[in-house]
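Enquirer: There's a structure below that I have some questions on.
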Amino acid sequence: MRRRGFIILIGAVAAWPLATRAQQTVPVIGFLNAASPAEYTRYLEAFRRGLREGGYEEGRNVTIEYRWAEGRYDRLPDLAADLVRRRVAVIVANTPAARPAKAATSTIPIVFFAGYDPVEFGLVTSLNNPGGNLTGVTNFAVTLVSKQVELLRELVPAAKSIAFLLNPTNTYAESYVIAAQDAVRALGLQMHLLNAKTEAEIDTAFATLAEKRAGGLVVAPDAFFLTRRDHIVTQAKRAAVPAIYSIREFAAGGLMIYAPSLVDAYRQVGVYTGRILKGEKPANLPILQPALFELVINLKTALALGLTVPPTLLARADEVIE
1 MRRRGFIILI
11 GAVAAWPLAT
21 RAQQTVPVIG
31 FLNAASPAEY
41 TRYLEAFRRG
51 LREGGYEEGR
61 NVTIEYRWAE
71 GRYDRLPDLA
81 ADLVRRRVAV
91 IVANTPAARP
101 AKAATSTIPI
111 VFFAGYDPVE
121 FGLVTSLNNP
131 GGNLTGVTNF
141 AVTLVSKQVE
151 LLRELVPAAK
161 SIAFLLNPTN
171 TYAESYVIAA
181 QDAVRALGLQ
191 MHLLNAKTEA
201 EIDTAFATLA
211 EKRAGGLVVA
221 PDAFFLTRRD
231 HIVTQAKRAA
241 VPAIYSIREF
251 AAGGLMIYAP
261 SLVDAYRQVG
271 VYTGRILKGE
281 KPANLPILQP
291 ALFELVINLK
301 TALALGLTVP
311 PTLLARADEV
321 IE
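Numbered per the working numbering, the sequence shown spans residues 1 to 322.
Structure (structure tokens):
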């Protein structure tokens, strides 16, 4: 064999494994979340279902790196930076994690689920043409407040005041307070704002609730509250206050839930993530809004509180727990 031919052959053999490895590189998704995995079982399955719709399956042709803040929002910037160092292909972020993810990178695509207006809070430039490296799903949680207050008033028509349990560190806290004020004002009710960002502050909030004798309670959607849902539901029962919640998981013991379907929202997040992995740009994917909303009423809890749920309200419920 000629020396030149031999060199070319050796070069081709040496390059072949590298080319094969490049073709077989599995993309990595960074899943950045302010809650904990115990609360996200249903949503993770929905997210994976959305990925499968696009031809991606965890453990087969895509890997997911999970970063959970466990309700500690101050950890999110470091967790986001860790995913950027990991050079993941896409970052998936929930409501509190979206802004830290945006601050961490302007190049890695980010698919978010946000409970606020992503334009108002600077995530994207518009709903139809997001621009930049972010897109996702929003449920405009603050717009649900008025409906939740109306449902409480229908259930407890004698109520003169409504309390709101809110995490003041949540990104949309200020907008939520304004929406809550408008909602109670429209019905001629008084408002009591209860702030809590720790479990001890949740206990203090319910002690204040008892003093104020509020006729009902609205619990704002929040990842920290989700990690403490059993504690919050127990405190609401102990205070004998009718409460409405914004996340489906509170239905296990909670009186009433009115919220968009987070399961469907996370499926949509999975679909968008798959499309980006195939090469589409976040800037060109319009922000989605949930089409499904759930009204769930727990009759066992209503009975324990001595409440009679109006038949008209029961007829509108998507699910009644007996």
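Where is the CB? At the ideal position from N, CA and C, for every residue including glycine.
Is Ala81 closer than 7 Å to Leu32 when the C-beta atoms are compared?
Expert: If you number the sequence shown from 1, residue 32 lands on position 32. If you number the sequence shown from 1, residue 81 lands on position 81. Contact flag unset, no.
Enquirer: For Arg86, does the three-state DSSP call read helix, strand or coil?
Expert: In the sequence shown, residue 86 corresponds to position 86, counting from 1. Here Arg86 sits in coil by DSSP.
Enquirer: Within the same chain, show all residues whose beta-carbon is closer than 6 Å to that of Ser246, passing over the 5 residues directly before and after it, in chain order.
Expert: Taking the sequence shown and counting its residues from 1, the one referred to as residue 246 is at position 246. Once the five neighbours on either side are set aside, the close Cβ partners of Ser246 are Pro221 and Ala259.
Enquirer: Our contact map puts Tyr73 next to Pro96 with C-beta atoms below 8 Å; I'd like the distance itself, whole angstroms only.
Expert: Locating residue 73 in the sequence shown gives position 73, where the first residue counts as 1. Locating residue 96 in the sequence shown gives position 96, where the first residue counts as 1. Contact flag correct, Cβ pair sits at about 5 Å.
Enquirer: Specify the secondary structure class of Asn284 as computed by DSSP and reduced to three states.
Expert: Mapped onto the sequence shown, residue 284 falls at position 284. Looking at Asn284 - three-state DSSP - the assignment turns out to be helix.
Enquirer: By the 10 Å Cβ neighbour count, where 16 or more other Cβ atoms means buried, how is Ile276 classified, buried or exposed?
Expert: Along the sequence shown, read from residue 1 onward, the residue named residue 276 stands at position 276. The residue is buried, with at least 16 neighbouring Cβ atoms inside 10 Å.
Enquirer: Could you tell me the distance, in whole angstroms, from the CA atom of Leu217 to the CA atom of Ile244?
Expert: Position 217 of the sequence shown, counted from the start, is the residue given in the question as residue 217. Position 244 of the sequence shown, counted from the start, is the residue given in the question as residue 244. Those two C-alpha atoms are separated by around 6 Å.
Enquirer: Go to Val323, then tell me how far its beta strand (DSSP E) extends in each direction, as first and last residue.
Expert: It is not possible to answer for residue 323, since the shown part of the chain is limited to 1 through 322.
Enquirer: Note the first and the last residue of the continuous beta strand (DSSP E) segment covering Leu194.
Expert: By one-based count along the sequence shown, residue 194 stands at place 194. That run of the beta strand (DSSP E) goes Gln190 to Asn195.
Enquirer: If you reduce the DSSP assignment to three classes, tell me which class Gly136 lands in.
Expert: Locating residue 136 in the sequence shown gives position 136, where the first residue counts as 1. Strand, per DSSP.
Enquirer: With respect to the alpha helix (DSSP H) encompassing Pro100, which residues constitute its N-terminal and C-terminal limits?
Expert: Along the sequence shown, read from residue 1 onward, the residue named residue 100 stands at position 100. Unbroken alpha helix (DSSP H) run through Pro100: Thr95 to Ala104.
Enquirer: List the endpoints of the continuous alpha helix (DSSP H) containing Ser146.
Expert: Mapped onto the sequence shown, residue 146 falls at position 146. Here the alpha helix (DSSP H) through Ser146 covers Val145 to Leu155.
Enquirer: Cβ of Ile257 within 7 Å of Cβ of Val320?
Expert: By 1-based counting over the sequence shown, the position of residue 257 is 257. By 1-based counting over the sequence shown, the position of residue 320 is 320. No, Cβ-Cβ distance for Ile257 and Val320 is not below 7 Å.
Enquirer: How would you label Asn298, buried or exposed, when you count the other beta carbons within 10 angstroms and need 16 or more for buried?
Expert: Taking the sequence shown and counting its residues from 1, one reaches residue 298 at position 298. Per the 10 Å Cβ criterion, buried.
Enquirer: Can you tell me the Cα-Cα spacing of Leu314 and Phe113, whole angstroms?
Expert: Counted from its first residue, the sequence shown places residue 314 at position 314. Counted from its first residue, the sequence shown places residue 113 at position 113. Taking the straight line from one Cα to the other gives about 30 Å.
Enquirer: I believe Leu165 touches Ala205 by the beta-carbon criterion, under 8 Å. Please report the beta-carbon distance rounded to the nearest angstrom.
Expert: Position 165 of the sequence shown, counted from the first residue, corresponds to residue 165. Position 205 of the sequence shown, counted from the first residue, corresponds to residue 205. Indeed they touch by this definition, with Cβ atoms about 6 Å apart.
Enquirer: Are the segment 196-214 and the segment 177-187 touching by the rule of at least three beta carbon pairs closer than 8 Å?
Expert: With the cut-off at 8 Å, the segment 196-214 and the segment 177-187 do not touch.
Enquirer: Since Ser146 contacts Ala186 with CB under 8 Å, what's their CB separation in whole angstroms?
Expert: Counting from one through the sequence shown, the residue named residue 146 turns up at place 146. Counting from one through the sequence shown, the residue named residue 186 turns up at place 186. The pair is a contact, with the Cβ atoms about 7 Å apart (cut-off 8 Å).
Enquirer: With a threshold of 16 other CB atoms inside 10 Å of the CB of Thr301, please say whether the residue is buried or exposed.
Expert: For this step, residue 301 is matched to residue 301 along the sequence shown. Buried: at least 16 other Cβ atoms inside 10 Å.
Enquirer: Could you please give the first and the last residue of the uninterrupted beta strand (DSSP E) stretch that includes Tyr172?
Expert: The residue given as residue 172 occupies position 172 in the sequence shown. Careful: Tyr172 lies outside any beta strand (DSSP E) and carries neither H nor E.
Enquirer: Just curious, the alpha helix (DSSP H) that Phe121 is in, first and last residue?
Expert: Stepping through the sequence shown from its first residue, residue 121 is reached at position 121. Counting along the chain, Phe121 falls outside any alpha helix (DSSP H), and DSSP gives it neither H nor E.
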